[in-house]
Amino acid sequence: MLCRVRARAFPAPAACKRGGAPGIVILVNEVFHRLEQDLTRIFADYLSARYGWSAPVSFEQPRQPEFGELALPVAFQLARQLRRPPRAIAEEIVREIGAVPGVSALEVAGSGYINLRFDRARYARQLVEGPPPETFPPSDEKIIVEHTNINPNKAAHIGHLRNAVLGDTFVRILRARGRNVEVQNYIDNTGVQVADVVVGFQRLLGKTPEEVAAMAADPSCRFDYFCWDLYARVSAHYAEHPQALAWRQQALEEIERGHGDTARMAAIVSDAVMHAHLATMWRIGVTYDVLPRESEILRLQFWATAFELLRERGAIYYETQGKNAGCWVMPAAAFAGEQEGEDSKVIVRSNGTVTYVGKDIAYQLWKFGLLGKDFYYRPLMVYPDGHRVWVTADTPGDEPAPQFGHGKRVYNVIDSRQSYLQDIVAAGLRALGFEKEAENSIHFAYEMVALSPRCAAELGFDLTAEERRRAFVEVSGRKGLGVKADDLIDKLIEKALEEVASRHPEDPPEKQRAVATQIAVGALRYFMLKYTRNAIIAFDFQEALSFEGETGPYVQYAVVRARSIFRKLEERGEQRPDYAAELDAAALERQLRHEPFWQLLLMASKVDAVLERAILMGEPAHVAKYAFQLAQAFNNFYHEYPILSEPDRERRIFLLWLADYVRSQLERTLGVLGISCPEYM
RNA sequence: GCGCCCGUAGCUCAGCCGGAUAGAGCGGCUGGCUUCGAACCAGCAGGCCGGGGGUUCGAGUCCCUCCGGGCGCGCCA
-15 MLCRVRARAF
-5 PAPAACKRGG
5 APGIVILVNE
15 VFHRLEQDLT
25 RIFADYLSAR
35 YGWSAPVSFE
45 QPRQPEFGEL
55 ALPVAFQLAR
65 QLRRPPRAIA
75 EEIVREIGAV
85 PGVSALEVAG
95 SGYINLRFDR
105 ARYARQLVEG
115 PPPETFPPSD
125 EKIIVEHTNI
135 NPNKAAHIGH
145 LRNAVLGDTF
155 VRILRARGRN
165 VEVQNYIDNT
175 GVQVADVVVG
185 FQRLLGKTPE
195 EVAAMAADPS
205 CRFDYFCWDL
215 YARVSAHYAE
225 HPQALAWRQQ
235 ALEEIERGHG
245 DTARMAAIVS
255 DAVMHAHLAT
265 MWRIGVTYDV
275 LPRESEILRL
285 QFWATAFELL
295 RERGAIYYET
305 QGKNAGCWVM
315 PAAAFAGEQE
325 GEDSKVIVRS
335 NGTVTYVGKD
345 IAYQLWKFGL
355 LGKDFYYRPL
365 MVYPDGHRVW
375 VTADTPGDEP
385 APQFGHGKRV
395 YNVIDSRQSY
405 LQDIVAAGLR
415 ALGFEKEAEN
425 SIHFAYEMVA
435 LSPRCAAELG
445 FDLTAEERRR
455 AFVEVSGRKG
465 LGVKADDLID
475 KLIEKALEEV
485 ASRHPEDPPE
495 KQRAVATQIA
505 VGALRYFMLK
515 YTRNAIIAFD
525 FQEALSFEGE
535 TGPYVQYAVV
545 RARSIFRKLE
555 ERGEQRPDYA
565 AELDAAALER
575 QLRHEPFWQL
585 LLMASKVDAV
595 LERAILMGEP
605 AHVAKYAFQL
615 AQAFNNFYHE
625 YPILSEPDRE
635 RRIFLLWLAD
645 YVRSQLERTL
655 GVLGISCPEY
665 M
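According to the working numbering, the first sequence holds residues -15 to 665 in order.
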């Protein structure tokens, strides 16, 4: 009974790992974030000295903007300790604390809130001057983010897009806040999925490796699409002829041995499909630093090393009894805690081969630099922007490679269906005594992208009556049921092109297409980010292809409109004013008395606070929501206050500055989301 | 059977790890382009936050329980 209670009180830290990185100290110069930090310290010191209050002080955002910029509910907490009404305590604090730098007023509200009003002119003056550049500490604390991880045996689909966009955006958020990040994309080029496609080429199509290589090199053949269909054919063939599964087994063994025609064909297929995936992801701005491949994990005997560690430290043992007799297993207690009825997990099969989890433990050890050995590397390709991606190799390369791995913190972007296996991987680290690394192995879990029944029907799939009733239908690579990533991107570009062409018919087609592509990428990335990670996306073309309302193009449009103000300004032969010289504290004070201006400015100044919160919560959707809300606020402002026709000189300069500032903050936020802004829309 | 996730407006989803009067988009209805771009803006309608207990000064948020839905629990990956 006691055990049961303990297990509840200390649940296994699983999918939703929260909390910041205690070891990383960021020097924040961003105005809002810094002021909030300063105020937290001032109040914590005061409450500690005055009341002996030691719990953390945390501010909230008041429900109504008229209540001020920050609210402090601490009087409610103090009420119990002091046995006095919260309102009286709040009044006492406000009376006694005196002047607080950066704050123009403290007010007691409701039954005991303390509301803070910022000194608007002082706050804005810091923004006009431009806050000093942030100085992040040299980050030797590397964060590894592993994402995409598509089996290289068929074209990428929309589920893979969600993974890549989530992972890539989280990387951008981390980098925007000064973290040192390495992006890994694991390539399982020796697994059953590749073996199945090889079986298809060999047994169903009678192809030689040379013929497959020719197909892969033929630009008129969409090789990844061809494999998509072939994989579905092979799966169907297995279903009809179960004895054909022997082909898979044989292929798998030959691929693992690494020589012969089958292994050669597997390398041709997986390399070609991997390049197709890299090209697809590049279309939406997703890149990688290094591609660790399973073939090198095998050739370089990573598993043998990991196995010795696990065996020596007693993390696994040789089972002699029961159904797992002859296997090396991890005891259930290692990963299931006190739960009853869990089976131990097989790590090495009775035939001596290692399971997926075993290989993943070895890979995870390498990421932390705990394995004691490393890959060799060679440069694979250079992206059009000059960034280089490396791939693992089993022999030394000609060029010296950067040091990969040795992360202090590792995010594995993997869908939530694999949380059980991710728990076992972390348990493996813990069982080896790497408690801290287990703690820093974060399963960045997200729910799947499924298809709405309508969407599946549009794709020409026959659904059962039961499937039609459901809210969504699961994508299935084996059945070939899904929306291919490139098809969706193409559709988005075509639709955007129609819109662009109708609005700017005079523009050259290639220019129109470039703009349409930016809009399409914005729509796609925003669509994948607007949902929080644990929402299942029931994919629907109508929603995904929308450019209105809460979408990427809506945010892009706000930036385009803002820019057009300054383009018009130039066309009239005017210069952008020298804001810092023109807008002194008194002028800012006068203009910011107007509430809508202050609210917009305040909101736009919170980008860094939003990014930090997204890191803390592990939730890129927060940044997407913020971008939309800021764009919405700007569109409202844009509509309400014509700037260029503003007669009052001071107000006109102020409005120009405000529009310019909001635009720059919006562009920066969009950049973090991997979305660029077209010249026009 | 066990574990995890979800249930908030007609639909799709937010709600900052307990705070003040419940938020947005889409869809519906009504208005707004001779203005810095209407991929926009304004307004209206639409909610016992699945049900019930509990903890708390305070619960959509935490705990328990029930109902409904999803995903896992292989010597597959």
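Think of the CB as a built atom: it goes at the ideal place given N, C-alpha and C, for glycine as much as any other residue.
Exercise. Along the chain, which unbroken stretches of the beta strand (DSSP E) at least 3 residues long are found entirely within the segment 205 to 240?
Worked result: Runs found: none.
For this session: With T376 as the anchor, note down where its beta strand (DSSP E) starts and where it stops.
Result: Segment 372 to 377, the beta strand (DSSP E) holding T376.
Problem set entry | L572 vs A588 beta-carbon contact at 9 Å | Judged by beta-carbon spacing, A588 lies beyond the 9 Å limit of L572, meaning their Cβ atoms are not closer than that value.
Problem set entry | C-alpha distance - R297 paired with L416, whole-angstrom precision | In a straight line, the C-alpha of R297 is about 6 Å away from that of L416.
Exercise. Mind checking whether the beta-carbon of W312 lies closer than 8 Å to any heavy atom of the ligand GDP?
Worked result: Summarising the ligand content, the structure contains no ligands, and the ligand GDP is consequently not present.
Exercise. Which residue comes first and which comes last in the alpha helix (DSSP H) that contains R393?
Worked result: Segment 393 to 399 is the beta strand (DSSP E) holding R393; no alpha helix (DSSP H) there.
For this session: Would you give the residue range spanned by the alpha helix (DSSP H) that E113 belongs to?
Result: 104 to 113
Problem set entry | Whole-angstrom C-beta distance between Y510 and A608, which should lie under 8 Å | 6 Å
For this session: Out of W37, S219, T535, A228, state which residue places its alpha-carbon closest to the alpha-carbon of K514.
Result: T535
Problem set entry | Where C666 falls, given that 16 or more other Cβ within 10 Å makes a residue buried | Residue 666 lies beyond the residue range present for the chain, which begins at -15 and ends at 665; the question has no answer from this structure.
For this session: Compute the Euclidean distance between the alpha carbons of K343 and I281, then round it to the nearest angstrom.
Result: Each residue's Cα considered, the two are about 8 Å apart.
Exercise. Under a Cβ-count criterion, where at least 16 other Cβ atoms within 10 Å of its own Cβ denotes burial, should A39 be classed as buried or exposed?
Worked result: exposed
Exercise. Given D172, which residues of its chain have a CB within under 6 Å of its CB, disregarding the five upstream and five downstream residues?
Worked result: N135, E278
Exercise. Counting Cβ pairs closer than 8 Å, one from the segment 160 to 167 and one from the segment 225 to 242, do we hit at least three?
Worked result: With the cut-off at 8 Å, the segment 160 to 167 and the segment 225 to 242 do not touch.
Problem set entry | Complete beta strand (DSSP E) runs within the segment 303 to 342 (minimum length 3 residues, chain order) | Complete beta strand (DSSP E) runs here, min 3: 312 to 314, 329 to 332.
Problem set entry | At least 3 beta-carbon pairs within less than 8 Å: the segment 392 to 404 vs the segment 361 to 376 | With fewer than three CB-CB distances shorter than 8 Å, the segment 392 to 404 does not count as touching the segment 361 to 376.
Exercise. Can you give the Cα-Cα distance for I10 and L19, rounded to whole angstroms?
Worked result: A caution first: I10 carries a pLDDT of 39, below 50, which makes its placement in the model unreliable, though a value can still be read off. One C-alpha to the other measures close to 15 Å.
For this session: Look at the alpha carbon of Y664 and the alpha carbon of P70, and state the distance between them as a whole number of angstroms.
Result: 55 Å
For this session: From the DSSP output, read off the bridge partner residues of Q168.
Result: E130, V274
For this session: Could you check what DSSP says for H259 in three-state terms: helix, strand or coil?
Result: helix
Exercise. Between the Cα of P493 and the Cα atoms of G506, A507, E478, V505, which residue gives the shortest distance?
Worked result: E478
Problem set entry | Residues that M249 bridges to, as DSSP identifies them | Per DSSP, none; premise fails for M249.
Problem set entry | Spatial distance of A500 from I345 (CA atoms) | 43 Å
For this session: Go through its chain and collect everything with a Cβ distance to D524's Cβ below 6 Å, but skip five positions before and after it.
Result: Non-local C-beta neighbours of D524 in its own chain, meaning closer than 6 Å and more than five positions away in sequence, comprise S436, C439, ordered along the chain.
Exercise. Around the Cβ of G336, are there at least 16 other Cβ atoms within 10 angstroms (buried) or fewer (exposed)?
Worked result: exposed
For this session: Give the range of the alpha helix (DSSP H) segment to which S403 is assigned.
Result: Run containing S403: 403 to 415, per the alpha helix (DSSP H) assignment.
Exercise. From what residue to what residue does the alpha helix (DSSP H) around P437 run?
Worked result: 437 to 442
For this session: Would you give the residue range spanned by the beta strand (DSSP E) that Y360 belongs to?
Result: 360 to 366
For this session: Starting from the Cα of H684, find the closest Cα among A593, R104, V92, E483 and give me that residue.
Result: The structure shown does not extend to residue 684, since the chain is modelled only from -15 through 665, so no value can be given for it.
Problem set entry | Beta-carbon spacing of Y360, L275 below 9 Å | no
Exercise. Does DSSP put K468 in a helix, in a strand, or in coil?
Worked result: strand
For this session: Just tell me which of W641, G506, E80, F445 has its CA closest to the CA of L31.
Result: The alpha carbon of L31 has as its nearest neighbour, out of W641, G506, E80, F445, the alpha carbon of E80.
For this session: Identify the continuous beta strand (DSSP E) that holds H427 and give its terminal residues.
Result: 425 to 430
Exercise. Three-state secondary structure (DSSP) at N99?
Worked result: strand
For this session: Kindly indicate which three-state DSSP category H623 falls into: helix, strand or coil?
Result: Taken through DSSP and simplified to helix, strand or coil, H623 comes out as helix.
Problem set entry | The beta strand (DSSP E) enclosing I521, as first and last residue numbers | 521 to 523
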